[in-house]
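> Sequences listed follow chains A and B, in order.
Going by the working numbering, 306 is the number at position 306 of the first sequence; the sequence numbering is gapless.
In the working numbering, each residue's number is its place in the second sequence (first place is 1) plus 1000.
By construction, the Cβ of each residue, glycine as well, lies at the ideal position given by its N, Cα and C atoms.
Predicted model, so just to flag it, every value in this text is computed and none were measured.
Got a structure for you, questions after.
2 protein chains.
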Amino acid sequence: MDIKEEIHQMGRDALDASRQLAVLPTETKDAALCSMADHLVASAEAVLAANAEDLAAAEAAGLGAAMTDRLRLDRGRLDSVADGIRQVAALPDPVGEIMDDWGRPNGIRIEQRRVPIGVIGIIYESRPNVTSDAAVLCLKAGNATILRGGKEAIHSNRAIAAALREGAVAAGLPENSIQLVPFVDRESVRHMAEMDRYLDLIIPRGGAGLIEAVVSMARMPVIKHYDGICHLFAHRGADPEMAVALTVDGKTQKPGVCNALETLLVDAEIAPAFLPKVADALLAKGVELRADEASLAVLGERAVLAQEQDWSTEYLDLILAVKTVPDLDAAVRHINEYGSHHSDCIVTGDAAAAEDFMARVDSAAVFWNSSTRFSDGEEFGFGAEIGISTDKLHARGPMALRELTSYKYLVRGQGQTKGQPS
Amino acid sequence: MDIKEEIHQMGRDALDASRQLAVLPTETKDAALCSMADHLVASAEAVLAANAEDLAAAEAAGLGAAMTDRLRLDRGRLDSVADGIRQVAALPDPVGEIMDDWGRPNGIRIEQRRVPIGVIGIIYESRPNVTSDAAVLCLKAGNATILRGGKEAIHSNRAIAAALREGAVAAGLPENSIQLVPFVDRESVRHMAEMDRYLDLIIPRGGAGLIEAVVSMARMPVIKHYDGICHLFAHRGADPEMAVALTVDGKTQKPGVCNALETLLVDAEIAPAFLPKVADALLAKGVELRADEASLAVLGERAVLAQEQDWSTEYLDLILAVKTVPDLDAAVRHINEYGSHHSDCIVTGDAAAAEDFMARVDSAAVFWNSSTRFSDGEEFGFGAEIGISTDKLHARGPMALRELTSYKYLVRGQGQTKGQPS
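Right under this line is the structure:
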């Protein structure tokens, strides 16, 4: 059997499993999730041995420290992966929700019911915990998954997937609810991306290169989680203390994540007073400032001159681009032009200005007087998230269980025909 | 300027227009729609002259009668297109709806607000009325459109688009709210499909060839409106009169549409009594029956033997495939295997069987004791539809104004930071 045929067989098997998963009661799915957590803990020795193989290969290949750290599992990390599974089991099941329900003049009743999507492909890079995190969220929402992880983590992924499958089967779930692609070459991604007969959705998790490759090959919907180039706009109506606090929080609380700030926009009217204040607070946290000429004239040696590419760079580091803008309108235009439509904030005491900003900034999440760092499934109260979608179709912003579902219409009648009298 | 650059410029212009459309009040959009209807009626002479050019070209090219009829406009058809625009103006505006709204323990409030998608590309074939129907629905939902019609209708499309733009501009809307691609070659479709920087969504309207081509090229989401291979399952618990009436309605009331029946499945327990009854009613309407061996044994000369491909053919004609199945489970498996996940029906007095069928058939719309011909935006009460989606992501089944929107999260706080104390 060649690779393509083997992957298509996985697709058929996943489709079969998904039909069974779609109609399982919540209790059955939750019991299976707990069983999967138990089996993962029970398989810790095998998983860590497999992980050691990956780590040895990483060392031999001269992988960097950051990459190797992403790969590394230990008992503590495995326990927290298992805890994560139990937390998902405890979340409410989105499947079966009646989203809408209405009657028509001819007497038929129409119900819009939330149902699983079906089969979801997850294509990801080095972190082996994604094998569990993604499969488990998809399963809770009644979906079968086909996982294709990076080659660096192949041994770890196999061991984790085996433990999850054992746990699922022990609880009576179809064996192919979760499958891991055994191939790590690019061709296997292409076969998945072209397999629209079996895969309803692909979610790539990783860098821009991976996402680009999947987007250009995929025949089915792809939900993308691109960069966050997030802005804070300090409006003339801002409380300066609050604007400083939110800028420092957005930039420094965890700089390496997609909802961290990358650009500060300052209303020209308050720039002379506000810029030195915010700069001092940021410099105290070790932040490098890259400012446009107007801001630089105020900041002097506290900043360096920004280049054009700074406005569209996701630093993921203690660097902040700073720009003085004439007014709210210019701030909105800058954000819509250079931003990534992820998460953007206005600080102001002027409610009309805030509402105007939130209406016109074309981003998944817009914040008024609160940190962009709250753009997150947990902070939104979704319990767990599969990522933060930068797409506008189907799922936008923090993407959790509800966004892993579709819907169907159920129409109940008493013999009604279109051609009237029966 | 080459074709690619010209189409990208249309994309930039559409994006600019979409930002303005996104925040327009409902009254402004509705007034613009009425103005567009007026301008279309006022331009009737120019539109019909352009249409005559297309018809002459069609005749010269030897286009068939059906194709030519689809192309043809007259005063009556134009008036009904204009009426359609006024009806869309009268529909409720989905934009601005607060879909959800909740608070978090730290005091931030999160609102999920319905917003336009942005820029929508519509790629379609011969019918010039799509130029208006699609653009108008998209506009009501606050979206800008780039339309690319078939070459057979290029003169008609230009005249209609010009009238709509005039009407929009006269009412104060941005000129580029609606744009028509002036090129009719395949390359122009490819440039649109690759232009994910500007187009948020492509909707192809036409045959499978067109949809396939767009799907394989597109880098942005595509919502597909594929075939309807719709089934009616006459369950052992069916009222035979009702099952006959719904079969006749589903097959003959309008055979050329996607929600018409293509296959009748009959529960073996009632086949000997039911099949002759339904066959007589269908034959009286001129329907050709293609039956599996078991059904043929009952029907004799009233049917011919079905071939394997009959189970997956969308006849769009007075032909019906007929199969006897041992039970409900076999009916569900047949539909999920051979159907197109569009619209399927069970006729039965047994509520448990009906609910089981509706839960397990993986289709956009499932009907109990009512005609699949009701799978339609108007019949569902949506007022107008852009098509019936056979996709599971974003929009499934009848797709109307609500499905032409996205959403954003608005988060309002009082200075909350992730790192707690401010």
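1. Can you name, in chain order, every residue of its own chain whose Cβ lies under 7 Å from the Cβ of A:Ala144, other than the five neighbours on each side?
2. Is the CB-CB distance between A:Leu147 and A:Ala135 below 8 Å?
3. May I ask you to list, following chain order, the residues of the segment 1195 to 1212 of chain B that have a beta carbon less than 8 Å from some beta carbon of chain A?
4. Can you give, in chain order, each stretch of the beta strand (DSSP E) that sits fully within the segment 296 to 382 of chain A and has at least 3 residues?
5. Would you mind working out which of B:Gln1309, B:Thr1313 and B:Val1322 sits nearest B:Ala1303, comparing C-alpha positions?
6. Mind listing the chain B neighbours of A:Ile117? Cutoff is C-beta to C-beta under 9 Å, in chain order.
7. From what residue to what residue does the beta strand (DSSP E) around B:Ser1389 run?
8. Which residue comes first and which comes last in the alpha helix (DSSP H) that contains B:Leu1048?
9. Is B:Pro1326 near B:Val1298, with beta carbons less than 8 Å apart?
10. Closer than 7 Å, Cβ to Cβ, to anything on chain B: give me those residues from the segment 409 to 422 of chain A, in chain order.
11. As an exercise, report each continuous alpha helix (DSSP H) stretch of at least 4 residues that is fully enclosed by the segment 1194 to 1220 of chain B, in chain order.
12. Would you kindly report the start and end of the unbroken alpha helix (DSSP H) that includes B:Phe1274?
13. For B:Pro1398, which beta-bridge partners are listed by DSSP?
14. Pull up the CB-CB distance for B:Arg1109 and B:Arg1412, whole angstroms please, since I reckon it's below 8 Å.
15. Who are the Cβ neighbours of B:Gly1142 in its own chain at under 6 Å, not counting the five residues just before and after it?
16. Tell me A:Leu264's beta-bridge partners as DSSP assigns them.
17. For B:Ser1422, which three-state DSSP category applies?
18. Distance check for B:Asp1317 and A:Leu410, CA to CA, integer angstroms please.
19. Around the Cβ of A:Ser371, are there at least 16 other Cβ atoms within 10 angstroms (buried) or fewer (exposed)?
20. Listing by chain order, which chain A residues have their CB less than 7 Å from the CB of B:Arg1114?
21. Could you name the residues of chain A that B:Ser1216 contacts, counting a contact when the two beta carbons are closer than 7 Å?
22. Contact between the segment 1219 to 1229 of chain B and the segment 1022 to 1038 of chain B is defined here as three or more beta-carbon pairs at a separation below 8 Å; is this criterion met?
23. Using the rule of at least 16 other Cβ atoms within 10 Å of the residue's Cβ for burial, across every protein chain shown, is B:Met1192 buried or exposed?
24. In chain order, what residues of the same chain have a beta carbon less than 8 Å from the beta carbon of A:His39, not counting five sequence neighbours either side?
25. Would you verify that the beta carbon of A:Met99 is, or is not, closer than 8 Å to some beta carbon of chain B?
26. Please compile the residues from chain B whose C-beta is within a distance smaller than 9 Å of the C-beta of A:Arg104.
27. Along chain A, in chain order, which residues have C-beta atoms closer than 9 Å to that of B:Gln1253?
28. With DSSP as the reference, label A:Pro174 as helix, strand or coil.
29. Is the separation between the beta-carbon of A:Arg205 and that of A:Gly11 shorter than 8 Å?
30. Can you tell me whether DSSP reads A:Thr417 as helix, strand or coil?
31. What is the DSSP secondary structure of A:Pro92, counted as helix, strand or coil?
32. From what residue to what residue does the beta strand (DSSP E) around B:Asp1101 run?
The answer reads as follows:
1. Excluding sequence neighbours, A:Ala144 sits near Ala14, Ala17, Ser18, Leu21, Val119, Asn176 and Ser177.
2. The answer is yes: Cβ separation under 8 Å.
3. Cβ contacts with chain A come from Asp1196, Asp1200 and Leu1201.
4. Considered as a whole, the segment 296 to 382 of chain A harbours 319 to 325, 343 to 347 and 365 to 370 as its complete beta strand (DSSP E) runs of no fewer than 3 residues, in chain order.
5. Taking only the C-alpha atoms, the option nearest B:Ala1303 is B:Val1322.
6. Within 9 Å Cβ-Cβ: Lys1392 and Leu1393.
7. Taken as a continuous stretch (DSSP letters only), the beta strand (DSSP E) holding B:Ser1389 covers Gly1387 to Ser1389.
8. Element bounds for B:Leu1048: Ala1044 to Ala1060.
9. Taking 8 Å as the Cβ cut-off, B:Pro1326 and B:Val1298 do not qualify as a contacting pair.
10. With the criterion set as a beta carbon lying under 7 Å from some beta carbon of chain B, the members of the segment 409 to 422 of chain A are Tyr409, Leu410, Val411, Arg412, Gly413, Gln414, Gly415, Gln416, Thr417, Lys418, Gly419 and Ser422, in sequence order.
11. Complete alpha helix (DSSP H) runs here, min 4: 1208 to 1217.
12. Note, B:Phe1274: alpha helix (DSSP H), Ala1271 to Ala1284.
13. Listed as beta-bridge partners of B:Pro1398 by DSSP are B:Ile1388.
14. Going by Cβ atoms, the distance from B:Arg1109 to B:Arg1412 rounds to 5 Å, so yes, they are a contact pair.
15. Taken in chain order, the residues that qualify are Leu1021, Ala1022, Val1095 and Pro1116.
16. DSSP, once it has assigned bridges, lists A:Leu232 and A:Val322 as partnering A:Leu264.
17. With a pLDDT of 42 at B:Ser1422, under the threshold of 50, the modelled position of that residue is not reliable, and no figure is offered here.
18. Going by the C-alpha atoms only, they are around 26 Å apart.
19. Counting of Cβ neighbours within 10 angstroms places A:Ser371 among the buried residues, the total reaching 16 or more.
20. None at all; the shortest Cβ gap to chain A is about 11 Å.
21. The answer, in chain order, is Arg219.
22. They do not touch, by the three-pair rule.
23. Counting Cβ neighbours within 10 Å, B:Met1192 comes out buried, since at least 16 surround it.
24. Around A:His39: Ala163, Leu164, Glu166, Gly167 and Ala170.
25. Contact of A:Met99 with chain B is not assigned, every C-beta pair being separated by 8 Å or more.
26. Here the neighbours are Phe1374, Glu1379, Phe1380 and Gly1381.
27. Within 9 Å Cβ-Cβ: Thr417, Lys418 and Gly419.
28. In this structure, A:Pro174 counts as coil in the three-state DSSP scheme.
29. Their beta carbons are not under 8 Å apart, which means A:Arg205 does not touch A:Gly11 by this criterion.
30. DSSP places A:Thr417 in the coil class of the three-state scheme, outside both helix and strand.
31. The answer is coil: DSSP assigns A:Pro92 none of H, G, I, E or B.
32. Unbroken beta strand (DSSP E) run through B:Asp1101: Ile1098 to Gly1103.
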